[in-house]
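Participant: Submitted below is the structure of interest, expressed as structure tokens.
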Amino acid sequence: MDENLALGLFLVSPVVCAGGLVFLRRRLRARPGPTGWPMLLLGNALVLLCLLSAGTLAGEIFFRFIYDTTDSLGNTKVCERWAQRYFQANRAGCRDNIEYSSPLKPGVRRFSFLGDSFTTGHGVKNVEDRFANRFRRAHPQWEVHALAQPGFETGDETAFLSLCLQNRYQLDQVVLVYCLNDISDLVPEWTTARDKIYAEQDGQNWLVNSSYFCNFIYHRWKAVRNPWIKNYFQFVRQTATGPVWEQQKERLKALKQEVESNGGHLVVVTFPFLHAVGPDYEFQPLHDSLNQFWREQKVPHLDLLPIYKNTPARKLTVNSFDAHPNEYAHALAADAIGKFLQEQLAVSPK
Numbered sequence: 102m103d104e105n106l107a108l109g110l111f112l113v114s115p116v117v118c119a120g121g122l123v124f125l126r127r128r129l130r131a132r133p134g135p136t137g138w139p140m141l142l143l144g145n146a147l148v149l150l151c152l153l154s155a156g157t158l159a160g161e162i163f164f165r166f167i168y169d170t171t172d173s174l175g176n177t178k179v180c181e182r183w184a185q186r187y188f189q190a191n192r193a194g195c196r197d198n199i200e201y202s203s204p205l206k207p208g209v210r211r212f213s214f215l216g217d218s219f220t221t222g223h224g225v226k227n228v229e230d231r232f233a234n235r236f237r238r239a240h241p242q243w244e245v246h247a248l249a250q251p252g253f254e255t256g257d258e259t260a261f262l263s264l265c266l267q268n269r270y271q272l273d274q275v276v277l278v279y280c281l282n283d284i285s286d287l288v289p290e291w292t293t294a295r296d297k298i299y300a301e302q303d304g305q306n307w308l309v310n311s312s313y314f315c316n317f318i319y320h321r322w323k324a325v326r327n328p329w330i331k332n333y334f335q336f337v338r339q340t341a342t343g344p345v346w347e348q349q350k351e352r353l354k355a356l357k358q359e360v361e362s363n364g365g366h367l368v369v370v371t372f373p374f375l376h377a378v379g380p381d382y383e384f385q386p387l388h389d390s391l392n393q394f395w396r397e398q399k400v401p402h403l404d405l406l407p408i409y410k411n412t413p414a415r416k417l418t419v420n421s422f423d424a425h426p427n428e429y430a431h432a433l434a435a436d437a438i439g440k441f442l443q444e445q446l447a448v449s450p451k
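Counting along the sequence shown from 1, when you hit position 266 you're at 367 in our numbering, and nothing is skipped either side.
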């Protein structure tokens, strides 16, 4: 209702301004003598208001009815509408076009991808174009499940896996789809900043909440001004070593233990920050720490950085405001993950 009211307001505004111009023009024609400065200023102000209101109306129509994509944080009205259109959950609460069975089927391998928005396919309209579904199509003889939710960190993923196990979900091959920011909930400064961001979002004024155009502009402005959003990836880079990384290692060990104690076998796939790939990729220390850790844990690990590093970032991400992998990046990941998992089955068949 508020969205329609905002659109109606933007529709009426140019008409009112144009009507004011027509009225002023008639008044000036009816008046004898030269036009004074006050009337000229009023006329120019009305012309400016006409242009601004027409531009705002065009922006509202574009962002409400035409623009159809996502942003990294998922906090714009456009992104919320995108999720309503394309994020269809099954009975397990996961984005997918099939239902998941809890017990293993005799003689059928199961691959459970455990992850966050990279695994759900944030920004990918057709769920069949994300890597998990591509892998499923390539191997119809296997069960492939995407146990993932947007915004999950390692702690959330471990808790979600535990919930699945409580509901008698059985494990076989568990693929942890790791993103470099899965550690961020261990940093108090980031959690405080994140809570503040969402609190400010709840306190937005009526126009920002109701207008797609104003909402989009507001969040772009906030992204530029908020130092935590602006420097988010730099903050993550600092977690390659130190006490936060030590805490994260303990969480990953606990996840490994949870999988293995319930009859599963853990393997890991790591996505790089796709917006930053290239010859000057600055997050290599994070990959080095992860590679060393998983070697020590004797957990097979596929680092996807090599398959992306020579591809321009603009060809891999959803858009300039969303650093998630696009359909092309998902296709590259699906091929690499498929080969990797087949190799793991050959090495350690169940």
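For each residue, glycine too, the CB sits at the ideal point set by N, CA and C. Predicted model only: the values in this text are computed from it and were never measured.
So which of Ser114, Glu244, Asp230 has the shortest CA-CA distance to His208?
Facilitator: If you number the sequence shown from 1, residue 208 lands on position 107. Residue identity check: residue 208 is Gly in the sequence provided, not His. Closest option to Gly208, Cα to Cα, is Glu244.
Participant: Please state whether DSSP places Gln348 in a helix, a strand or coil.
Facilitator: Taking the first residue of the sequence shown as position 1, residue 348 is located at position 247. Correct three-state label for Gln348: helix.
Participant: Kindly identify the DSSP beta-bridge partner or partners of Asn420.
Facilitator: Start at 1 with the first residue of the sequence shown, and residue 420 comes out as number 319. Per DSSP, Asp423.
Participant: For Pro426, count neighbouring Cβ atoms within 10 angstroms of its own Cβ and tell me buried if that reaches 16, exposed if not.
Facilitator: As a working mapping, residue 426 is identified with position 325 in the sequence shown. Counting of Cβ neighbours within 10 angstroms places Pro426 among the buried residues, the total reaching 16 or more.
Participant: Assuming the contact rule is C-beta atoms closer than 8 Å, His402 and Trp395 should be a hit. Round their C-beta distance to whole Å, please.
Facilitator: On the sequence shown, position 301 is the one that residue 402 refers to. On the sequence shown, position 294 is the one that residue 395 refers to. Yes, they are in contact, since the Cβ atoms of His402 and Trp395 sit about 4 Å apart, within 8 Å.
Participant: Look at the Cβ atom of Thr177, then the Cβ atom of Asp423, and state whether they are nearer than 8 Å.
Facilitator: Translated into positions along the sequence shown, residue 177 becomes position 76. Translated into positions along the sequence shown, residue 423 becomes position 322. Taking 8 Å as the cut-off, the beta carbon of Thr177 is found no closer than this to the beta carbon of Asp423.
Participant: Grab the span of the beta strand (DSSP E) containing Cys280 for me, first residue to last.
Facilitator: Taking the first residue of the sequence shown as 1, we reach residue 280 at position 179. Where Cys280 is concerned, the enclosing beta strand (DSSP E) stretches over 274-280.
Participant: Which whole-angstrom value describes the C-beta separation of Val400 and Lys357, a residue pair presumed to lie in contact below a C-beta threshold of 8 Å?
Facilitator: Within the sequence shown, the letter at position 299 stands for residue 400. Within the sequence shown, the letter at position 256 stands for residue 357. Sure, about 6 Å apart at Cβ, within 8 Å.
Participant: Look at Thr221 and Ala193 and say whether their C-beta atoms are less than 8 Å apart.
Facilitator: Numbered from its first residue, the sequence shown carries residue 221 at position 120. Numbered from its first residue, the sequence shown carries residue 193 at position 92. No, they are not a contact pair.
Participant: Would a C-beta distance cut-off of 8 Å place Phe111 and Leu153 closer than the cut-off?
Facilitator: The count along the sequence shown starts at 1 and reaches residue 111 at position 10. The count along the sequence shown starts at 1 and reaches residue 153 at position 52. For Phe111 and Leu153, no; Cβs fall outside 8 Å.
Participant: So which of Pro407, Val116, Val369, Leu281 has the shortest CA-CA distance to Arg338?
Facilitator: Against the sequence shown, residue 338 aligns to sequence position 237. Arg338 has its Cα closest to that of Leu281, out of Pro407, Val116, Val369, Leu281.
Participant: Only counting the same chain, and skipping five residues up and downstream in sequence, which positions put a Cβ closer than 7 Å to that of Glu383?
Facilitator: Indexing the sequence shown from 1 puts residue 383 at position 282. These residues qualify, in order along the chain: Arg338, Ala377.
Participant: Assuming the contact rule is C-beta atoms closer than 8 Å, Arg186 and Ala247 should be a hit. Round their C-beta distance to whole Å, please.
Facilitator: Taking the sequence shown and counting its residues from 1, one reaches residue 186 at position 85. Taking the sequence shown and counting its residues from 1, one reaches residue 247 at position 146. About 19 Å separates the two Cβ atoms, so there is no contact after all.
Participant: If you draw a straight line from the C-alpha of His431 to the C-alpha of Leu353, how long is it?
Facilitator: For the purposes of this step, residue 431 is taken as residue 330 along the sequence shown, with counting starting at 1. For the purposes of this step, residue 353 is taken as residue 252 along the sequence shown, with counting starting at 1. His431 and Leu353 have their alpha carbons spaced roughly 24 Å apart.
Participant: Please return the same chain residues whose Cβ sits closer than 7 Å to the Cβ of Phe219, not counting the five positions on each side in sequence.
Facilitator: The count along the sequence shown starts at 1 and reaches residue 219 at position 118. Closer than 7 Å at Cβ, skipping near neighbours: Val278, Cys280, Phe372, His425, Pro426.
Participant: With a CB to CB cut of under 7 Å and the five nearest residues on each side skipped, what residues in its chain are close to Ser203?
Facilitator: If you number the sequence shown from 1, residue 203 lands on position 102. These residues qualify, in order along the chain: Asn268, Arg269, Tyr270, Gln271.
Participant: Going by alpha carbons, who is nearest to Gly65 out of Leu215, Arg295, Tyr333?
Facilitator: Absent from the structure is residue 65, since the part of the chain shown begins at 102 and ends at 451.
Participant: For Leu417, which option in Ala355, Leu287, Arg231 has the closest C-alpha, if you only look at C-alpha atoms?
Facilitator: If you number the sequence shown from 1, residue 417 lands on position 316. Closest by alpha carbon: Arg231.
Participant: Can you tell me whether Gly379 is helix, strand or coil according to DSSP?
Facilitator: The residue given as residue 379 occupies position 278 in the sequence shown. Coil, per DSSP.
Participant: Could you compute how far the alpha carbon of Gly213 sits from the alpha carbon of Gln189?
Facilitator: Sequence index remark: in the sequence shown, residue 213 carries index 112 (1-based). Sequence index remark: in the sequence shown, residue 189 carries index 88 (1-based). In the sequence as presented, Gly is not what sits at residue 213; that position holds Ser. When rounded, the distance between both Cα atoms is 19 Å.
Participant: Can the beta-carbon of Leu375 be found closer than 8 Å to that of Tyr429?
Facilitator: Locating residue 375 in the sequence shown gives position 274, counting from the first residue. Locating residue 429 in the sequence shown gives position 328, counting from the first residue. Between Leu375 and Tyr429, the CB-CB gap reaches or exceeds 8 Å.
Participant: Tell me the DSSP secondary structure of Ala324 in three-state form.
Facilitator: Within the sequence shown, the letter at position 223 stands for residue 324. Correct three-state label for Ala324: helix.
Participant: Under 8 Å between the Cβ atoms of Glu254 and Ser285?
Facilitator: In the sequence shown, residue 254 corresponds to position 153, counting from 1. In the sequence shown, residue 285 corresponds to position 184, counting from 1. Cβ atoms of Glu254 and Ser285: closer than 8 Å.
Participant: What's the call for Asn227, buried or exposed, on a 16-neighbour Cβ count within 10 Å?
Facilitator: By 1-based counting over the sequence shown, the position of residue 227 is 126. Result: exposed.
Participant: Locate the beta strand (DSSP E) running through His402, then write down its first and last residues.
Facilitator: Here residue 402 refers to the residue found at position 301 of the sequence shown. That run of the beta strand (DSSP E) goes 402-404.
Participant: In terms of residues, what are the limits of the beta strand (DSSP E) holding Gly222?
Facilitator: Position 121 of the sequence shown holds residue 222. Segment: none, Gly222 is in no beta strand (DSSP E) and carries neither H nor E.
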